[in-house]
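Colleague: Below you'll find the structure I mean.
Numbering (my numbering), first residue to last: -1 to 546.
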């Protein structure tokens, strides 16, 4: 663990990542200032009025500006379907709107699960060969690091950037969302010691079980070399049991705080003694001579533990813990915090999800079905604030920015991690085993808001990144023919935010461009061209983008 929690909490800027190359500050001209003031309302946090980012879409909508005229030629999903896409994708696109409108929300979700199950490698084919070192074995990675050819740190940069690229391009968005959920729940920081030789395959294993049963996922990850190394179980012996993995297994991965005792931790650690791996091979192995035998009791799991091989005991313990009612509630609670509301968790929904989890043998998809059909989910529209990763990925997706094969370090695909880091935290870099925060408060600082506006401006103005990337032009984003400016704002709101434009967004757009709502424009309009970047940035800086 190389960084303190305070260095990243609140998205104040993690020290584990350098600023992107050619980082340009957000513009400070009067147009952008006027636009930010026009967004109205409060801010991401109290006292941060200078950022101009409203506390919620509802607050922004309170502005008494004239209502924009609608541009119905650009379709939007229903409110319920937009909510589904906002929570289970990384950014609404025209293709997604067409799919969810044609199929309906529940059928769209089922189609996503079926497609990801049938073809989990679809996203990887779209970025095949972009980060070739990720296909190397641990032995090869270590040899290159030792020879000074390429460091483990750079490989972990590749890993983070591939994850972000997958989220941008993947047709299987639900798979990407659930992979992130589980990697955060069973968190192993990429900056932990020697993770470069272990972490890639660990992430692949999580991804393989992301839409499956939690029992299988728990068994696949608990004794994986990355988890063993991170929580020091690789040196845990019957003479000196190390309690780190036993503690986090109970406290974080399964039953949770308040549902176990120190004796439970000690016995779990004893069951796990002897599970290690060999440096140079990087495969899990069991050392019977290291295993502590003798009866154990872990949260009601009783086992004689007389076999020196220890394999039966650890497998039985993990199965028991995966099916424990407290584990069911813990998983259910994290699902609710992630997809419904992290600030005020509806306990009745947690109860129903936990019941579904136990009734379906720890399978996650049936639990998600109950969540999606719940009135609590339906009421939770626009309550979640995008974190750093989500902000960057959504910006690429809604703008329709297309990544191409990276040729050097300035390539867009190799700047994704730095873009996310500039908002406060690199992917998978949270330094503690509890995973990055789920609540809005952690991402609601003025510093984060200003950093987001910088990224939005760079993307809107097409000033960074510019290598191996295709940004949409104004001509491509403006409808054909002439239309009123307020209709153009409505079109952009539908295209980038998945909803019709609010009064406050029109006010911000007018302030940013100095173009009146009734002025007719087209893709060749010089005034529009002069203020185009400010207009797009105003849409991305709106509360409707930050909250989803």
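Ideal Cβ positions, reconstructed from N, Cα and C, are used throughout, including at glycine.
Bear in mind that the values here come from a model prediction, so they are computed numbers and not experimental data.
Rounding to the nearest angstrom, what Cα-Cα distance links residue 148 and residue 409 in this structure?
Modeller: Taking the chain shown and counting its residues from 1, the one referred to as residue 148 is at position 150. Taking the chain shown and counting its residues from 1, the one referred to as residue 409 is at position 411. The alpha-carbon atoms of residue 148 and residue 409 are separated by roughly 18 Å.
Colleague: Cα separation between residue 329 and residue 337?
Modeller: Here residue 329 is taken as the residue at index 331 of the chain shown, counted from 1. Here residue 337 is taken as the residue at index 339 of the chain shown, counted from 1. Each residue's Cα considered, the two are about 12 Å apart.
Colleague: Whose CA, out of 199, 283 and 85, lies closest to the CA of residue 234?
Modeller: Residue numbering aside, residue 234 sits at position 236 when the chain shown is read from its first letter. Nearest of 199, 283 and 85 to residue 234, Cα basis: 283.
Colleague: Do residue 306 and residue 289 have their C-beta atoms within less than 7 Å of each other?
Modeller: As a first step, residue 306 is located in the chain shown; it is residue number 308 there, counting from the start. As a first step, residue 289 is located in the chain shown; it is residue number 291 there, counting from the start. The answer is yes: Cβ separation under 7 Å.
Colleague: Got a sec? Which residues, its chain only, sit under 6 Å from residue 84 by beta carbon, not counting five neighbours each side?
Modeller: Locating residue 84 in the chain shown gives position 86, counting from the first residue. Excluding residues within five positions, the ones whose Cβ falls inside 6 Å are 546.
Colleague: Identify whether residue 481 lies in helix, strand or coil by the three-state DSSP scheme.
Modeller: As a working note, residue 481 is residue 483 in the chain shown. Looking at residue 481 - three-state DSSP - the assignment turns out to be strand.
Colleague: Which residues bound the beta strand (DSSP E) around residue 293?
Modeller: One-based indexing of the chain shown puts residue 293 at position 295. Note, residue 293: premise wrong, no beta strand (DSSP E); not H, not E.
Colleague: Work out the CA separation of residue 180 and residue 42 for me, nearest whole Å.
Modeller: Here residue 42 is taken as the residue at index 44 of the chain shown, counted from 1. Here residue 180 is taken as the residue at index 182 of the chain shown, counted from 1. Reliability fails at residue 42, whose pLDDT of 46 lies under 50, so the model's placement of it is uncertain and the value that follows must be treated cautiously. Straight-line Cα distance between these residues: approximately 27 Å.
Colleague: Based on Cα-Cα distance, which residue from 496, 446, 411 and 462 lies nearest to residue 156?
Modeller: Residue 156 sits at position 158 when you count from the first residue of the chain shown. Closest option to residue 156, Cα to Cα, is 411.
Colleague: In the DSSP output, what is residue 545 paired with across the bridge?
Modeller: If you number the chain shown from 1, residue 545 lands on position 547. DSSP output for residue 545 lists 383 as bridge partner(s).
Colleague: For the alpha helix (DSSP H) holding residue 143, just list the boundary residues, first then last.
Modeller: To locate residue 143, count along the chain shown from 1; it is residue 145. Residues 136 to 144.
Colleague: In the DSSP assignment, find the unbroken beta strand (DSSP E) run with residue 282 in it and report its ends.
Modeller: Position 284 of the chain shown, counted from the start, is the residue given in the question as residue 282. Start and end: 282 to 284.
Colleague: From the DSSP secondary-structure annotation, give me the bridge partner or partners of residue 401.
Modeller: Looking up residue 401 in the chain shown gives position 403. Bridge partners of residue 401: 467.
Colleague: Where does the unbroken beta strand (DSSP E) through residue 183 begin, and where does it stop?
Modeller: Taking the chain shown and counting its residues from 1, the one referred to as residue 183 is at position 185. No beta strand (DSSP E) contains residue 183, which is instead part of the alpha helix (DSSP H) from 171 to 183.
Colleague: Starting from residue 273, follow the beta strand (DSSP E) in both directions and report where the run begins and ends.
Modeller: As a first step, residue 273 must be located in the chain shown, where it is residue number 275. That run of the beta strand (DSSP E) goes 273 to 275.
Colleague: Which term fits residue 16, buried or exposed, when burial requires 16 or more other beta carbons within 10 angstroms of its beta carbon?
Modeller: Counted from its first residue, the chain shown places residue 16 at position 18. Bear in mind that a pLDDT of 29 at residue 16, under 50, signals an unreliable position, so the number given afterwards is only what the model happens to contain. Answer is exposed; the Cβ neighbour count stays below 16.
Colleague: Sort 419, 436 and 268 by Cα distance to residue 294 and report the nearest one.
Modeller: Reading the chain shown from its first residue, position 296 is the one you call residue 294. Of 419, 436 and 268, the residue nearest in Cα terms is 268.
Colleague: Helix or strand or just coil, what does DSSP make of residue 255?
Modeller: In the chain shown, residue 255 corresponds to position 257, counting from 1. Note: residue 255 maps to coil in three-state DSSP.
Colleague: What's the C-alpha gap between residue 502 and residue 242?
Modeller: One-based indexing of the chain shown puts residue 502 at position 504. One-based indexing of the chain shown puts residue 242 at position 244. Going by the C-alpha atoms only, they are around 51 Å apart.
Colleague: Quick check: the Cα distance between residue 86 and residue 171, rounded to an integer number of angstroms?
Modeller: Taking the first residue of the chain shown as 1, we reach residue 86 at position 88. Taking the first residue of the chain shown as 1, we reach residue 171 at position 173. If I take the Cα positions, the gap works out to 7 Å.
Colleague: Using 8 Å as the Cβ pair cut-off and three pairs as the minimum, do the region 253 to 267 and the region 217 to 230 touch?
Modeller: They do not touch, by the three-pair rule.
Colleague: If residue 218 sits next to residue 207, beta carbons under 8 Å apart, how far is it from one beta carbon to the other, in whole angstroms?
Modeller: Here the question's residue 218 lines up with position 220 in the chain shown. Here the question's residue 207 lines up with position 209 in the chain shown. With a Cβ gap of about 6 Å, residue 218 and residue 207 count as contacting.
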